[in-house]
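The sequence shown begins at 1 in UniProt numbering and counts up one residue at a time.
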Amino acid sequence: MQDKFQNYSCVFVGGLISEESREFILKNSRRTIQFAADKLQRQYLTGIRQYDFKTIYTISFPFVGNYPRSFKSQTVESELLDGNGKVIAKQSYSTLSIVSNIEKRKIFLNYLKKISSHKNDKLIFFFYALTSEHLNWIKLLRKYYQDIKIVLIVPDLPIFMNPSLSRYYFYRMIKNKVIEEYRRIQDKIDLTITITKSVAEYLQANNAIVVEGIPNEVSINNFESLKDDVEDSAEFIVLYTGTLDKMYGVKDMLESFGKLKDTNIILQICGDGPMKNEVIEISKQAGNIRYLGILNNLEVVELQSKSDLLINPRKNDQEFTKYSFPSKIMEYLSSGTPMLGYKLSGIPDEYYDYMYLIENFNDSLVESLLAISKLEKKEIEKMGINALNFIKNNKLPEHQIAKVLASIKI
């Protein structure tokens with residue numbers, strides 16, 4: 001399959017947050033930053049770089065909100081990067097809603113001129129996220145280029161990109177128009193990658209495959225080395241890393257740990273979201289709940305490796321769960337530390353042999369935590385190691401991207 005693409009240049013179009021812009025975006029964002037999306041894009045690029053493309057480029061327009069409601073700054077920088085992640089060009093654009101779309105289109109076309117000078121150039125485009133502007137750019141590409149392949153990655157259905165707004169009619173109407181446009185132009189897209197089978201069915205995608213996630217290979221290696229440095233403790237440390245939102249089960253998780261005050265079971269939390277201030281206040285009062293702040297990926301990796309159990313408290317009680325594969329599932333299972341969670345409609349059955357399920361403990365989070373904390377340490381560790389091996393043998397970037405490229409007809 002390496003020879004199949006050696007005459008093609010690869011262009012990844014997404015919303016990566018560079019290390020240079022991270023602090024600026026953190027400072028100016030009024031809403032939760034999409035760190036999970038940033039991680040998944042990087043894993044796609046890790047897999048892509050393992051194949052013998054002629055050249056590889058990344059065009060990035062960071063996924064930030066619009067000024068002034070969701071972003072404090074009126075501008076943010078886009079980037080064009082080479083295959084090694086080196087910046088070739090930068091250009092600022094407005095974060096004002098209507099102006100932003102116009103300026104991004106212009107910048108996208110300018111970057112294309114630097115990448116390709118002839119309409120017969122062989123190119124394969126990966127677009128990350130189903131958005132109206134990406135669909136418009138796909139139509140532009142089809143009008144100009146003669147020999148291109150287009151892959152659209154759909155990590156979330158547009159109507160569920162912001163679940164807290166999806167109950168509003170106007171929001172759903174706008175997002176449904178994006179889906180309708182996708183259905184109209186999907187003949188211009190060679191392959192659609194969805195996060196679950198239900199997403200492909202909802203989109204009525206003709207040519208789709210499921211890639212539920214891609215783990216961080218570097219993190220896996222770090223986990224394995226960090227595990228050797230873990231010290232024994234009288235405390236049983238349970239860690240939650242992710243968005244602090246009621247809809248993801250965070251409130252239920254906090255209430256459950258409120259019933260475990262007289263045990264050695266400690267909950268550590270890191271992340272951002274609507275419930276952040278509430279989490280901070282509760283952690284000040286509860287001796288067994290600790291809020292550690294917003295941490296970078298390496299700090300999260302170290303915490304996960306040193307914990308006894310990782311927790312995903314999201315329940316299978318909302319419509320969006322069947323259209324979602326929580327990114328933390330892949331992250332947790334890659335850690336070598338076992339995880340506890342509920343069965344979710346968007347998670348394939350093959351994963352459930354490698355995690356503790358709350359349903360197996362009378363459907364009680366409190367009972368689950370008490371029971372697992374009393375298991376032999378070697379038994380708990382074995383669950384984590386089995387999960388890690390499952391990911392290493394089946395879900396690494398090279399496995400997932402091989403599946404993608406095998407589905408593209410050349």
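Ideal Cβ placement from N, Cα and C applies to all residues, glycine included.
Quick caveat: nothing in here was measured; it's all calculated off a predicted structure.
Check                                                                                             : Outcome
Simplified DSSP state of Ala36, which is helix, strand or coil                                    : helix
Cβ-Cβ separation, Ile153 to Ile189 (assumed contact under 8 Å), whole Å                           : 11 Å between Cβ atoms; not a contact.
Same chain, Cβ closer than 6 Å to Tyr57, neighbours up to 5 away in sequence not counted          : Val11, Ile115
Backbone secondary structure at Phe257 - three-state DSSP                                         : helix
Opposing strand residues paired with Glu77 [DSSP bridges]                                         : Ser92
Residue span of the beta strand (DSSP E) that contains Ile294, given as start and end             : From DSSP, Ile294 is part of no beta strand (DSSP E); its letter is neither H nor E.
Beta-carbon separation (whole angstroms), Asn288 vs Lys261, contact threshold 8 Å                 : 6 Å
From Asn312, Glu77, Thr46, Thr32, residue whose alpha carbon lies closest to that of Asn216       : Thr46
Per DSSP, cross-strand counterpart(s) of Ser9                                                     : Leu123
Residue range of the unbroken alpha helix (DSSP H) whose run includes Ile25                       : 19-28
Inter-residue spacing [alpha-carbon to alpha-carbon] between Lys382 and Glu19                     : 36 Å
From Gln6, Ile33, Lys4, residue whose alpha carbon lies closest to that of Gly273                 : Ile33
Inter-residue CB distance, Leu340 and Phe390 (contact presumed, cutoff 8 Å)                       : Incorrect: roughly 16 Å between the Cβ atoms, too far for contact.
Residue range of the unbroken beta strand (DSSP E) whose run includes residue 451                 : No answer is possible for residue 451: it lies beyond the span of the chain, which begins at 1 and ends at 410.
Alpha-carbon to alpha-carbon, Ala129 and Ile174                                                   : 16 Å
CB contact flag (Arg22, Ser70, <9 Å)                                                              : no
Chain B within 9 Å of Asn136, Cβ atoms only                                                       : The structure shown contains no chain B; it holds only a single protein chain.
Where Gly236 falls: helix, strand or coil (DSSP)                                                  : Checking the displayed sequence, the identity of residue 236 turns out to be Phe instead of Gly. Strand.
Reduced DSSP secondary structure (H/G/I, E/B, other) of Met161                                    : coil
Burial state of Leu144 (16 or more Cβ within 10 Å)                                                : According to the sequence shown, residue 144 is Tyr rather than Leu. That one is exposed.
C-beta atoms of Ser78 and Phe61 nearer than 9 Å                                                   : yes
According to DSSP, residues forming a beta bridge with Asn71                                      : One point to set straight first is that residue 71 is Phe, not Asn, in the sequence displayed. Ser29, per the DSSP bridge assignment.
Proximity winner among Glu235, Ser283, Ala234, relative to Met253 (alpha-carbon distances)        : Ser283
Residue 411 - DSSP class collapsed to helix/strand/coil                                           : This structure does not reach residue 411, given that the chain is present from 1 up to 410, and the question cannot be answered.
Neighbour-count burial assignment, Tyr169, 16 or more Cβ in a 10 Å radius                         : exposed
Given residue 429 as reference, the closest of Lys306, Lys4, Lys27 once Cα atoms are compared     : Only positions 1 to 410 of the chain appear in the structure, and residue 429 is not among them; the question remains open.
Proximal residues to Ala208 (C-beta, below 6 Å), its chain only, five neighbours per side dropped : Thr192, Thr194, Ala200
C-alpha distance - Ser92 paired with Thr75, whole-angstrom precision                              : 6 Å
Lys328 to Ala36 span [Cα, whole Å]                                                                : 8 Å
Contact the segment 354-361 vs the segment 319-328: 3+ CB pairs below 8 Å                         : no
Leu267 to Tyr240 span [Cα, whole Å]                                                               : 7 Å
Local conformation of Val154 per DSSP, three classes                                              : strand
Pro348 vs Glu212 beta-carbon contact at 9 Å                                                       : yes
For Ser73 and Thr95, believed in contact at Cβ under 8 Å, the rounded distance                    : 7 Å
Short Cβ contact (9 Å threshold) for Leu295 with Ile372                                           : no
Contact belief for Phe125 with Ile148 at Cβ below 8 Å, rounded distance in angstroms              : 6 Å
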